[in-house]
Amino acid sequence: MIALVRVDNRLLHGQILEAWVPRLGARRILVADDEAARTPLARAAMTLALPPDLPADVEPLEAVEWDRVAASPEPVLVLVRDVEGLRRAAARGLTPALSPRLNVGNVHFAPGRRPVTASAYLAPEEVEELRALSAAGFAVDLRAVPSDSPLGIDEVERRTRSPG
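Per our numbering, the very first residue in the sequence shown carries number 1; after that it's consecutive.
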């Protein structure tokens, strides 16, 4: 089963291991990212500090077989780099039936992006994409760690529209 699909531009790092894995009871991690999959150094760096009982796979996003991942008997935490990764995953077969929850945790500042939380900056087209995913049936929230209060898509839109 897919426990959660999370957007985090840092992909696999300490916050994932210390906060999300225990909260979700994840027994496997899948990093679905083209750049990480084609870079041996990135793959090695991400998986080096993993405990031996927590396997991780790093696959190009286009190669992920979402039905297979969802059929896992153990909870899988899926990490994608950006909102575009969520869009591409949905276009390649990720559905709310396979993974009802999508989390946006960390998206770095870039031109055109506005602050939504201390760790997530989104451009208007990214907010529109999250709205479309929500309308398709996904439960979309923004929060850095599980103990944060989740922000729903309405609040995300309000924060990106407000001045400042």
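Where is the CB? At the ideal position from N, CA and C, for every residue including glycine.
Whole-number beta carbon distance between V7 and L99, since they are thought to touch under 8 Å: Note that residue 99 is Ser in the sequence shown, not Leu. Wrong, their Cβ atoms sit about 13 Å apart, outside the cutoff.
Leaving out five residues before and five after A144 in sequence, what residues of the same chain have Cβ atoms less than 8 Å from its Cβ? Hits under 8 Å: Q15, G105, N106, T117, A118, S119, A120.
When the distance is taken between beta carbons, is A70 closer than 9 Å to L133? When the beta-carbon positions are compared, L133 and A70 stay at least 9 Å from each other.
Pull up the distance between the alpha-carbon of A45 and that of L11, whole angstroms please. One Cα belongs to A45, the other to L11, and the distance between them is close to 11 Å.
Are the beta-carbon atoms belonging to L102 and V140 less than 9 Å from one another? For L102 and V140, yes; Cβs fall inside 9 Å.
Verify whether the separation of the beta carbon atoms of L24 and P146 is less than 9 Å. Yes; because the gap between Cβ atoms is below 9 Å, this pair is in contact.
Pull up the DSSP beta-bridge partners for E59, would you. For E59, DSSP records a beta bridge to A32.
Could you tell me which residues DSSP pairs with V78 in its beta bridges? Bridge partners of V78: V5, L30.
DSSP three-state assignment for P115, whether helix, strand or coil: Here P115 sits in strand by DSSP.
Where G152 falls: helix, strand or coil (DSSP): Coil, per DSSP.
Since A123 contacts R113 with CB under 8 Å, what's their CB separation in whole angstroms? Right, their Cβ atoms sit about 5 Å apart.
Report the residue from R68, F138, A32, R28 whose alpha carbon sits nearest the alpha carbon of E167. This structure cannot speak to residue 167, because the chain is shown only from 1 to 164.
Near A26, which residues of its chain fall below 6 Å by C-beta distance, leaving aside the five closest residues on each side in sequence? Same-chain partners within the cutoff: A3, P75, L77.
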